[in-house]
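Engineer:
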């Protein structure tokens, strides 16, 4: 890759449509999607990508049927149970961003256990799972935290600056994504990383997420490498 990729984020879209096309229940599409999430982690490790965000569950997903939400939460738990040992073996640090307090106690305990167990070494990869996450929620949550914070910090300056505000975002520990990949044929961010994507390169694929392979991830990264990132400065 010509350009260095420090942070790749993936909107894993198309699980339901993949299952529907095959006459399968939606849960089967999500199961296949979990397998491809593991593939994305393997790809990131093999290509020395330092940060990988997987958009797994949006704030809008809470509006889905109770049965589908139950299936998704169950899959989250199973994936953590099965894959945490591999993450430890590969020295992957797992983190979650989003309003995870909305999940049940059983899943929250598993999230806490997995994040703790994968934080005991210097990581080869920072894996960030966006769960119960939305870009609008992140911005509003950051602003509310800022307003509740020590007023002495702001008494002489009523103007907020970017760097101050970013300290309250869920992603404050991580760099903004260089590349955002979206599968499933849609060409939008769908309330994902609205602040953080200001200068991210976007790559859209027609393939449903369960159909993604290593070669599809490589194509996205090669496309990124072919671009010239200008950040609104260069005109040539």
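Residue numbers (this note's numbering): 56 to 291. Backbone N, C-alpha and C define an ideal beta-carbon position, used for all residues, glycine too.
1) Are the Cβ atoms of residue 264 and residue 68 separated by less than 8 Å?
2) May I have the straight-line CA-CA distance separating residue 156 from residue 164, to the nearest angstrom?
3) Since residue 188 sits in a beta bridge, which residues does DSSP pair it with?
4) Which residues in the same chain as residue 134 place their Cβ atom closer than 7 Å to its Cβ, once the five residues preceding and following it in sequence are excluded?
5) For residue 272, I'd like the list of residues in its chain whose CB is within less than 8 Å of its CB, leaving aside the five on either flank, ordered along the chain.
6) Confirm, please, whether the CB-CB distance from residue 225 to residue 143 is below 8 Å.
7) Quick one: complete alpha helix (DSSP H) runs, 4+ long, within the segment 249–287?
8) Give the DSSP bridge partners of residue 245, in chain order.
9) Cα separation between residue 75 and residue 81?
10) So for residue 93, helix, strand or coil by DSSP?
11) Taking just the CA atoms, how far does residue 148 sit from residue 180?
12) For the alpha helix (DSSP H) holding residue 127, just list the boundary residues, first then last.
13) Have a look at 233, 266 and 249 and flag the residue whose alpha-carbon is nearest the alpha-carbon of residue 277.
14) Leaving out five residues on either side along the sequence, give the residues of the same chain with a beta carbon under 6 Å from the beta carbon of residue 184.
15) Skipping 5 residues on each side, what residues in its chain have a beta carbon closer than 7 Å to that of residue 83?
16) What residue does the alpha helix (DSSP H) around residue 220 start on, and which one ends it?
17) Would you mind reading off the limits of the alpha helix (DSSP H) that contains residue 166?
18) Considering Cα atoms alone, identify which of 85, 283 and 91 is closest to residue 269.
Structural biologist: This is what the structure holds:
1) Position 209 of the chain shown holds residue 264. Position 13 of the chain shown holds residue 68. Against a cut-off of 8 Å, the Cβ pair of residue 68 and residue 264 comes out as a contact.
2) Translated into the one-based positions of the chain shown, residue 156 becomes position 101. Translated into the one-based positions of the chain shown, residue 164 becomes position 109. Their Cα atoms are separated by approximately 11 Å.
3) Here residue 188 refers to the residue found at position 133 of the chain shown. Residue 188 pairs with 113.
4) Along the chain shown, one-based indexing puts residue 134 at 79. Contacts found: 89.
5) Within the chain shown, numbered from 1, the residue matching residue 272 stands at position 217. Contacts found: 94, 95, 98 and 236.
6) Taking the first residue of the chain shown as position 1, residue 143 is located at position 88. Taking the first residue of the chain shown as position 1, residue 225 is located at position 170. Going by C-beta atoms, residue 143 is not nearer than 8 Å to residue 225.
7) 269–280
8) Position 190 of the chain shown, counting from 1, holds the residue named residue 245. Per DSSP, none; premise fails for residue 245.
9) As a position in the chain shown, residue 75 is number 20, starting the count at 1. As a position in the chain shown, residue 81 is number 26, starting the count at 1. Rounded to the nearest angstrom, the two C-alpha atoms are 7 Å apart.
10) Residue 93 sits at position 38 when you count from the first residue of the chain shown. Here residue 93 sits in helix by DSSP.
11) Indexing the chain shown from 1 puts residue 180 at position 125. Indexing the chain shown from 1 puts residue 148 at position 93. For residue 180 and residue 148, the distance between alpha carbons rounds to 6 Å.
12) For the purposes of this step, residue 127 is taken as the residue at position 72 of the chain shown. From DSSP, the alpha helix (DSSP H) with residue 127 extends over 121–144.
13) For the purposes of this step, residue 277 is taken as the residue at position 222 of the chain shown. For residue 277, the nearest C-alpha among the options comes from 233.
14) As a first step, residue 184 is located in the chain shown; it is residue number 129 there, counting from the start. Answer for residue 184: 109, 111 and 151, listed in chain order.
15) Working through the chain shown from its first residue, we reach residue 83 at position 28. Excluding positions up to five away in sequence, the list reads 74.
16) Counted from its first residue, the chain shown places residue 220 at position 165. Residues 217–221.
17) Counting from 1 along the chain shown, the entry for residue 166 is found at position 111. Residue 166 -> alpha helix (DSSP H) spans 160–172.
18) The count along the chain shown starts at 1 and reaches residue 269 at position 214. Of the candidates 85, 283 and 91, the one whose C-alpha sits nearest the C-alpha of residue 269 is 91.
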